[in-house]
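Worksheet: the structure to be examined is printed underneath.
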Amino acid sequence: MSSPAIETENLTKEYPHGFLNLKKRTSLEGLNLQVEKGEIFGFIGPNGAGKSTTIKLLMRLIFPTAGDARILGKPISDIQMHRDIGYLPEQPYFYDYLTAAELLDYFARIHDLTAKDRKERVHRMLRKVGLETAGKIQLRKYSKGMLQRVGMAQAILHDPKLVILDEPMSGLDPVGRREVRDIILELKREGKTVMFSTHILSDAEMLCDRVGVIVGGKLRGIGAPEQLVDMKTQGMEILFEQVRQSSAPLLSKATRTGDRYRLQVPEQELYGAIEQLRVAGARILSVAPVRATLEEFFMDLVEADRAQAAAVEVSGK
Amino acid sequence: MKRLGVVALNTFREAVRDRVLYNLLFFALVMMAASIIAGQISIGIEETVITTLGLSAISLIGLLIAIFIGVGLVSKEMDKRTLYALLAKPVRRWEFLLGKFGGLILTLAVNTGRWEWAFSWR
Chain A
0 MSSPAIETEN
10 LTKEYPHGFL
20 NLKKRTSLEG
30 LNLQVEKGEI
40 FGFIGPNGAG
50 KSTTIKLLMR
60 LIFPTAGDAR
70 ILGKPISDIQ
80 MHRDIGYLPE
90 QPYFYDYLTA
100 AELLDYFARI
110 HDLTAKDRKE
120 RVHRMLRKVG
130 LETAGKIQLR
140 KYSKGMLQRV
150 GMAQAILHDP
160 KLVILDEPMS
170 GLDPVGRREV
180 RDIILELKRE
190 GKTVMFSTHI
200 LSDAEMLCDR
210 VGVIVGGKLR
220 GIGAPEQLVD
230 MKTQGMEILF
240 EQVRQSSAPL
250 LSKATRTGDR
260 YRLQVPEQEL
270 YGAIEQLRVA
280 GARILSVAPV
290 RATLEEFFMD
300 LVEADRAQAA
310 AVEVSGK
Chain B
0 MKRLGVVALN
10 TFREAVRDRV
20 LYNLLFFALV
30 MMAASIIAGQ
40 ISIGIEETVI
50 TTLGLSAISL
60 IGLLIAIFIG
70 VGLVSKEMDK
80 RTLYALLAKP
90 VRRWEFLLGK
100 FGGLILTLAV
110 NTGRWEWAFS
120 WR
């Protein structure tokens, strides 16, 4: 059996702070996580939840207080495993005295690519992220979105087996986000593993095979997006217009926007409601199930966490 | 080991493209002019005065470059977070540090070489 792409065991990070660094603030608490090969794994959580901390620990930029992790079956202390990983830092910033092409060439040299390979890859990557015309401009003149694209290019430059992206969508316009999504999906088609962190839930819902939700340094849920949220429909929503008989009792429950009405009913009352609307002469535009979204799941967790923190604070006094 | 050289060359490139270096170049030209004047007012020992002035200029400028570039060599990379992308690649910490140091040495060597050429025009 092949080993998972990423495997963490009780990964913990504490930051010392306060007078003489005597106090400890736990940023990540006993994370146990497995990311399988070939999947797109979304790591979601609010700001300060420990997403970046986890990724930095995996990339060996900071060192764990306790616990261990393995990437592609190798312990993270093994420098050679970095050959197979691409990493996009959060809010990337690169040597601003270099042009995009020079920067990519520099990283390609670090990866020991041959001169011919370097030239070809740099050109291909610039084209892939839509910067082929800006390749000869110094990075100091780049916008935030362009830097994000350069970051993406350097992450996939050396054809890694695992790509870890820290907030790849931040700072990008809708077109840029779409392009990043396409790149991520393309990586999956090529059989690579992608792990990315985000706080934009719709992106995670759209792309990920599995997501992990982290709140307050603890993993709160892991699984396919549709497993995490209760997929039982919470009711049906009917959208209709052109009501001749405005006295229908259902109308009082509906919300009106312009000429259209929106009505939410429990599933078992659906046909009754439709019948009433038919009698009232309404034209039904759509009937759709109302589902809990990842966002609601997420909000519940965050609220629970805040309530708990508040309770601790009160009891502490 | 090869990566050390790559980091060093990039550090050298940063120094070359940094404007601090051009200011020092201007300063050096002023020193050269000063050496001519000093040579003219020192009757009989022009050669000694110019040599001494030139050598002290080389050493002083070398010192300034070493301080100005050296001080930000690693801290700037940490502050600007340019280090993150690099250390996530197969680069060891010591390769990075020695590479930066090597880049500084290279910058100083090239500079000293250039002054020597400039002061030996006669």
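Each protein sequence line maps, in turn, to chains A and B. Mapping to numbering that gives the first Met the number 0: the first sequence position 50 is 49, numbers consecutive. Mapping to numbering that gives the first Met the number 0: the second sequence position 66 is 65, numbers consecutive. Every residue gets a Cβ at the ideal spot worked out from N, C-alpha and C, and that includes glycine. These numbers were taken from a predicted model, which means no experiment stands behind them.
Backbone CA spacing between residue i and residue j [nearest angstrom]
| i | j | result |
| --- | --- | --- |
| residue 16 of chain B | residue 97 of chain B | 21 Å |
| residue 197 of chain A | residue 304 of chain A | 19 Å |
| residue 233 of chain A | residue 249 of chain A | 19 Å |
| residue 0 of chain A | residue 84 of chain B | Confidence at residue 0 of chain A is low in this model, with a pLDDT of 48, below 50, so the placement of that residue should be treated as unreliable; the coordinate-derived value is given next. Spanning the two alpha carbons is a distance of roughly 32 Å. |
| residue 121 of chain B | residue 36 of chain B | Note that residue 121 of chain B scores a pLDDT of 48, beneath 50, so its modelled location is shaky and nothing firm can be said. |
| residue 316 of chain A | residue 310 of chain A | Caution is warranted here: a pLDDT of 49 is assigned to residue 316 of chain A, below 50, making its placement in the model unreliable, and no coordinate value can be reported. |
| residue 116 of chain A | residue 300 of chain A | 47 Å |
| residue 254 of chain A | residue 297 of chain A | 26 Å |
| residue 77 of chain A | residue 13 of chain B | 30 Å |
| residue 50 of chain B | residue 38 of chain B | 10 Å |
| residue 33 of chain A | residue 227 of chain A | 16 Å |
| residue 15 of chain A | residue 100 of chain A | 40 Å |
| residue 154 of chain B | residue 60 of chain A | Outside the shown range of chain B, which is 0 to 121, sits residue 154 of chain B, and nothing can be said about it. |
| residue 285 of chain A | residue 176 of chain A | 30 Å |
| residue 59 of chain B | residue 27 of chain B | 10 Å |
| residue 18 of chain B | residue 62 of chain B | 17 Å |
| residue 88 of chain B | residue 94 of chain B | 12 Å |
| residue 10 of chain B | residue 219 of chain A | 44 Å |
| residue 302 of chain A | residue 223 of chain A | 22 Å |
| residue 149 of chain A | residue 40 of chain B | 58 Å |
| residue 58 of chain A | residue 252 of chain A | 54 Å |
| residue 243 of chain A | residue 260 of chain A | 13 Å |
| residue 108 of chain B | residue 55 of chain B | 16 Å |
Residue j beta carbon less than 9 Å from that of residue i
| i | j | result |
| --- | --- | --- |
| residue 87 of chain A | residue 53 of chain A | no |
| residue 109 of chain A | residue 70 of chain B | no |
| residue 71 of chain A | residue 62 of chain A | no |
| residue 106 of chain B | residue 57 of chain B | no |
| residue 190 of chain A | residue 241 of chain A | no |
| residue 98 of chain A | residue 135 of chain A | yes |
| residue 171 of chain A | residue 103 of chain A | no |
| residue 106 of chain A | residue 138 of chain A | no |
| residue 77 of chain B | residue 53 of chain B | no |
| residue 48 of chain A | residue 213 of chain A | yes |
| residue 89 of chain A | residue 51 of chain A | yes |
| residue 221 of chain A | residue 159 of chain A | no |
| residue 44 of chain A | residue 209 of chain A | no |
| residue 236 of chain A | residue 287 of chain A | yes |
| residue 7 of chain B | residue 100 of chain B | yes |
| residue 283 of chain A | residue 276 of chain A | yes |
| residue 147 of chain A | residue 167 of chain A | yes |
| residue 269 of chain A | residue 239 of chain A | no |
| residue 161 of chain A | residue 194 of chain A | yes |
| residue 187 of chain A | residue 38 of chain A | yes |
| residue 8 of chain A | residue 64 of chain A | no |
| residue 72 of chain B | residue 103 of chain B | yes |
| residue 133 of chain A | residue 145 of chain A | yes |
| residue 152 of chain A | residue 112 of chain A | no |
Residue i, enclosing beta strand (DSSP E) - first and last residue
| i | result |
| --- | --- |
| residue 219 of chain A | 217-222 |
| residue 42 of chain A | 39-43 |
| residue 68 of chain A | 65-70 |
| residue 181 of chain A | Where residue 181 of chain A is concerned, there is no enclosing beta strand (DSSP E), although the alpha helix (DSSP H) it sits in stretches over 173-188. |
| residue 31 of chain A | 22-34 |
| residue 93 of chain A | Taken as a continuous stretch (DSSP letters only), residue 93 of chain A belongs to no beta strand (DSSP E), as it is neither H nor E. |
| residue 165 of chain A | 161-165 |
| residue 14 of chain A | 5-16 |
| residue 213 of chain A | 209-214 |
First through last residue of the alpha helix (DSSP H) which encompasses residue i
| i | result |
| --- | --- |
| residue 122 of chain A | 114-127 |
| residue 10 of chain B | 1-16 |
| residue 131 of chain A | Note, residue 131 of chain A: premise wrong, no alpha helix (DSSP H); not H, not E. |
| residue 150 of chain A | 143-155 |
Inter-stretch contact (C-beta, 8 Å, three-pair minimum) for the stretch 193-208 of chain A and the stretch 116-126 of chain A: With a cut-off of 8 Å, the stretch 116-126 of chain A and the stretch 193-208 of chain A do not count as touching, because too few Cβ pairs lie within range.
Given 8 Å, three or more beta-carbon pairs between the stretch 36-48 of chain B and the stretch 124-132 of chain A: no
Contiguous alpha helix (DSSP H) assignments of at least 4 residues, all confined to the stretch 58-116 of chain B: 74-78 and 81-86
Cβ pair count under 8 Å reaching 3, the stretch 22-33 of chain A against the stretch 170-188 of chain A: no
Uninterrupted alpha helix (DSSP H) stretches inside the stretch 230-309 of chain A (no shorter than 4 residues): Annotation: the stretch 230-309 of chain A contains the following complete segments of the alpha helix (DSSP H) (minimum length 4 residues), in chain order: 269-278.
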